[in-house]
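Numbering (the numbering used here), first residue to last: 1 to 217.
Beta carbons are placed, not taken as given, at the ideal position from N, Cα and C, and that holds for glycine.
Source: prediction; values computed, not measured.
Notes follow once the structure below has been shown.
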Amino acid sequence: MMEDLPTPEPLVLLSAIEHYAYCPRQCALIHVEQGYADNVYTVRGKHAHERVHQDHAADPESDQVMRGLGLYSDRLGLIGKADLVEMRAEGPYPVEYKVGRVHRAPAELQLCAQALCLEEMLGRPVPRGAIYRIAARTRREVAFTAALRQRTLETIETVRDLLRRSYVPPPAKNERLCRRCSLRDTCLPQVVREEARLRGFQSALYRIQDKSELREG
Ligand code: SF4
Numbered sequence: 001m002m003e004d005l006p007t008p009e010p011l012v013l014l015s016a017i018e019h020y021a022y023c024p025r026q027c028a029l030i031h032v033e034q035g036y037a038d039n040v041y042t043v044r045g046k047h048a049h050e051r052v053h054q055d056h057a058a059d060p061e062s063d064q065v066m067r068g069l070g071l072y073s074d075r076l077g078l079i080g081k082a083d084l085v086e087m088r089a090e091g092p093y094p095v096e097y098k099v100g101r102v103h104r105a106p107a108e109l110q111l112c113a114q115a116l117c118l119e120e121m122l123g124r125p126v127p128r129g130a131i132y133r134i135a136a137r138t139r140r141e142v143a144f145t146a147a148l149r150q151r152t153l154e155t156i157e158t159v160r161d162l163l164r165r166s167y168v169p170p171p172a173k174n175e176r177l178c179r180r181c182s183l184r185d186t187c188l189p190q191v192v193r194e195e196a197r198l199r200g201f202q203s204a205l206y207r208i209q210d211k212s213e214l215r216e217g
């Protein structure tokens, strides 16, 4: 009789870390339900990332730069790509390109996950990297502190758990996040929030009243 093989653990895409930190439901709609959709922001982003190859944003003091470098970590089950990696004396230095407004925490987690991959792949410490805002042509340096590394590891495992369970969380509580989200038409956050609200009313309506409530009625 053939033994049942263990189910392989799902790989986490580097982009899923940023999606999860922005909105867990967005991460699930893209990476569990494959429901990706473009909007004006994502199209701008794609064009900008394609231009990374001709861009001259790299630090001229770097010995070497690698663009569109494939990344992986066997230890953490991660896979993805770095826009740009500068090879500096202190170690590899990943640079993530962003279009428009940068959501700081999600972008830093994604960049830190790139650093964890580079450390495993190249066997060298990666102490710092940068987020490059294309429109403003400015860089903001990010130090990969112990606290940021810990948050990144926790997010990776949370995303993997979501993928393992094929779980789609409820809409984000912060409705402002939905304004720029390309998945609004798939997600229908207002409808789902309204349904949850109605379910709450229904359960309150049909709940068996305790004696005190009956007396008050
Ligand atoms: S529309 Fe809002 S709740 Fe839905 S995936 Fe986007 S950000 Fe999340």
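Going by the CB atoms, is the gap between residue 107 and residue 131 shorter than 8 Å? yes
Over the uninterrupted alpha helix (DSSP H) stretch that includes residue 88, give me the two end residues. Element bounds for residue 88: not the alpha helix (DSSP H) but the beta strand (DSSP E), 78–88.
Let me make sure I understand the geometry here. Which of 77, 76 and 85 has the alpha-carbon closest to that of residue 65? 85
In whole angstroms, what separates the C-alpha of residue 100 from that of residue 12? If you take the alpha carbons of residue 100 and residue 12, they lie about 25 Å apart.
Pairing CB atoms from the segment 18–38 with CB atoms from the segment 115–127, are three or more of them under 8 Å? no
Among the candidates 15, 22, 17 and 7, whose CA atom is the shortest distance from the CA of residue 175? 22
Any idea which residues DSSP pairs residue 66 with across the strands? 85
Reducing DSSP to helix, strand and coil, say where residue 20 ends up. Here residue 20 sits in helix by DSSP.
For the alpha helix (DSSP H) containing residue 138, list its first residue and its last residue. Premise fails: residue 138 lies in the beta strand (DSSP E), 138–143, not in any alpha helix (DSSP H).
What residues in its chain sit with their C-beta under 6 Å from that of residue 118, if we drop five residues either side in the sequence? 92 and 126
Measuring alpha carbon to alpha carbon, tell me which residue in 192, 28, 98 and 188 is nearest residue 137. 98
Quick test of your reading: residue 112 and residue 152, contact by CB under 8 Å. State the CB separation rounded to the nearest angstrom. Going by Cβ atoms, the distance from residue 112 to residue 152 rounds to 4 Å, so yes, they are a contact pair.
Compute every distance between the C-beta of residue 172 and the non-hydrogen atoms of ligand 1, then say whether any falls below 7 Å. Yes, since a heavy atom of ligand 1 falls inside the 7 Å radius drawn around the Cβ of residue 172.
In whole angstroms, give me the CA-to-CA distance for residue 192 and residue 199. Approximately 10 Å between the Cα atoms of the pair.
Please determine, among 128, 10, 173 and 190, the residue with the shortest C-alpha to C-alpha distance to residue 95. 128
Under 7 Å from any heavy atom of ligand 1, does the C-beta of residue 122 make it? no
Length-filtered (4 minimum) alpha helix (DSSP H) runs lying within the segment 163–190: 176–179 and 184–187
If you reduce the DSSP assignment to three classes, tell me which class residue 220 lands in. Lying before the first or after the last residue shown, residue 220 is absent from the chain, which here runs from 1 to 217.
Inter-residue spacing [alpha-carbon to alpha-carbon] between residue 189 and residue 139: 34 Å
Pop quiz: residue 14 and residue 71 are said to be a contact at Cβ under 8 Å. What is the actual Cβ separation, rounded to whole angstroms? 7 Å
Check residue 217 in the structure and name its three-state DSSP category. Caution is warranted here: a pLDDT of 44 is assigned to residue 217, below 50, making its placement in the model unreliable, and the coordinate value is therefore given only provisionally. Three-state DSSP puts residue 217 in coil, outside helix and strand.
Do you know offhand how far residue 114's Cα is from residue 7's? 26 Å
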